[in-house]
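One structure below.
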Amino acid sequence: MMGSKQLKIGLRVEDLKASGDLYLKLGFRELPNDGQPHLRYLTFGHTWLILTARDAHGYYDEERGAAARRGPLGLGCTLAVPTPDLDAVYALWRAEGLTVLTEPEDTDWARIFVGLDPDGYEVSFEQFHEEYRGTRG
1 MMGSKQLKIG LRVEDLKASG DLYLKLGFRE LPNDGQPHLR YLTFGHTWLI LTARDAHGYY
61 DEERGAAARR GPLGLGCTLA VPTPDLDAVY ALWRAEGLTV LTEPEDTDWA RIFVGLDPDG
121 YEVSFEQFHE EYRGTRG
């Protein structure tokens, strides 16, 4: 069954087209979804990123829904995205006019930077150092 074994992460977004297009530029792939105009299904490896128009679907808990509607949407959520070219992703982030929280820096295990996507979701980009890339899938 398609999608039954993947980790799926859902993000509510203000502008479904803009958010989806940004993640496509970052290397995500889009799955066809003609029947649900308020959703975009993207994949990155075995992980699905499901983008939904902010108010197109109800909330399971009205108190949490009210808090989410007050915003910011992305508070408390972080996505970690591996990349083979951190400098290219950083240049794209800047060109898109998006917020950078930390400039590119080297850590013990990777070169990283952290930014906010258009809805305030924190995205950490990681270009692993050669010795941490491994060959396992």
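Quick note on numbering: UniProt numbering labels position 59 of the sequence shown as 59, and the sequence is numbered without any gaps. Note that the Cβ used here is the ideal one computed from N, Cα and C, for glycine as well. Bear in mind that the values here come from a model prediction, so they are computed numbers and not experimental data.
- request: Measure the C-alpha to C-alpha separation of A88 and G27 and round it to an integer number of angstroms.
  value: 12 Å
message: Can you check which of these residues, T47, E14, T102, is closest to E30 by C-alpha distance?
response: T47
- request: Tell me, to the nearest whole angstrom, how far the beta carbon of L51 is from that of S19; I am working on the premise that it is less than 8 Å.
  value: 5 Å
Cα-Cα separation, R136 to P84: Per-residue confidence for R136 stands at a pLDDT of 45, beneath the threshold of 50, marking its modelled position as unreliable; the derived number appears in the next sentence. If you take the alpha carbons of R136 and P84, they lie about 16 Å apart.
task: Could you give the DSSP three-state label for residue 141: helix, strand or coil?
output: Only positions 1 to 137 of the chain appear in this structure, which leaves residue 141 out of reach.
query: Which partner residues does K25 have in the DSSP bridge list?
result: In DSSP, K25 forms no bridge with anything.
field: Selected residue, minimal CA-CA separation from E130, among R111, L116, D117
entry: R111
message: Does the structure place the region 49-64 close enough to the region 6-15 that three or more beta carbon pairs sit under 8 Å?
response: yes
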